[in-house]
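Everything below concerns the one structure shown next.
Residue numbers (UniProt numbering): 1 to 281.
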């Protein structure tokens with residue numbers, strides 16, 4: 001039985017899924033639009049199935065593309081990543097980074113996510129080509145949203161943006177408050193409560209994130225055991241209202257389970273990899 005579960009979890013990690021969500025959250029007068037939340041690609045050399053899955057997303061005719069971090073897992077993967085995203089080149093969009101855009105993964109005991117006393121990595125990680133990746137994304141027409149505010153035009157409609165660099169490694173510096181009107185999207189890699197609270201207080205309408213991998217290894221019938229951040233497991237992935245404990249939810253949060261895994265833990269269980277396709281109306 002153990003061999004069967006192991007084999008299934010390796011297969012599931014390569015069973016990429018398109019997850020569709022319909023949200024009625026646009027202000028009156030705005031036209032409907034389709035956006036993508038692409039997170040945790042963790043691209044490795046030879047990930048051709050993942051490359052083709054990403055290239056095929058253009059067939060969905062998205063109006064905007066948002067990348068929420070952890071695109072790479074190897075110093076050699078940037079050319080393949082850009083080839084994977086090339087069909088989306090020129091579509092309005094924005095990006096933030098996660099820790100695995102700056103540093104490659106290193107081996108650590110997978111149980112340390114649940115039992116921190118088992119310790120972390122024993123060697124320093126390699127630097128990833130994050131500057132070249134950011135430049136390439138900007139050349140695609142996508143806005144760098146690390147610790148800043150901006151706006152983009154989508155179908156001749158203005159969308160306000162606010163974003164932070166990765167809170168998981170304490171790179172987040174939330175931009176100073178600014179009076180703004182209209183529909184606002186917030187971008188973060190790791191959905192720490194401090195960031196979601198800041199976005200909600202900032203009148204963000206929709207916050208997009210990744211990082212959690214949806215728990216990656218879940219118990220069928222129960223769900224995730226960990227989130228790898230300070231959210232509870234009920235909010236490990238999917239679409240939900242925020243603040244989590246308030247009766248009145250004023251912001252919508254969409255956390256993607258992501259497409260990839262660490263190369264040192266290349267499995268998923270009851271937690272298929274995904275890209276979120278969000279139809280806004």
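Note that beta-carbon positions come from the ideal geometry of N, C-alpha and C, so glycine has one too.
These figures come from a predicted structure and were not determined experimentally.
Buried versus exposed, by CB contacts within 10 Å (16 or more), residue i
i           : result
residue 227 : buried
residue 257 : buried
residue 97  : buried
residue 20  : exposed
residue 131 : exposed
residue 185 : buried
residue 22  : exposed
Which listed residue (the options) has its alpha carbon closest to that of residue i
i           : options             : result
residue 68  : 55, 201, 93 and 39  : 39
residue 50  : 141, 143, 12 and 35 : 12
residue 239 : 233, 248 and 255    : 255
residue 134 : 125, 144 and 148    : 144
Distance, residue j Cα to residue i Cα
i           : j           : result
residue 203 : residue 176 : 13 Å
residue 152 : residue 94  : 8 Å
residue 242 : residue 201 : 11 Å
residue 188 : residue 210 : 8 Å
residue 195 : residue 274 : 23 Å
residue 220 : residue 270 : 6 Å
residue 77  : residue 246 : 42 Å
residue 99  : residue 206 : 23 Å
residue 106 : residue 261 : 12 Å
residue 70  : residue 30  : 31 Å
Same chain, Cβ closer than 8 Å to residue i, five either side skipped, listed in chain order
i           : result
residue 146 : 96, 97, 163, 164, 165 and 171
residue 79  : none
residue 155 : 31, 33 and 63
residue 73  : 42, 43, 44, 100, 104, 105, 260, 262 and 263
Residue i: first and last residue of the uninterrupted alpha helix (DSSP H) it sits in
i           : result
residue 89  : Note, residue 89: premise wrong, no alpha helix (DSSP H); not H, not E.
residue 101 : 99-102
residue 130 : 130-139
residue 199 : 193-201
residue 14  : Where residue 14 is concerned, there is no enclosing alpha helix (DSSP H), given that its DSSP letter is neither H nor E.
Own chain, CB closer than 7 Å to residue i, minus 5 neighbours either side, in chain order
i           : result
residue 91  : 62, 64 and 65
residue 182 : 27, 158 and 160
residue 1   : Here residue 1 scores only 49 on pLDDT, less than 50, and its place in the model is too uncertain to base an answer on.
Where the beta strand (DSSP E) containing residue i begins and where it ends
i           : result
residue 144 : 142-144
residue 37  : 33-38
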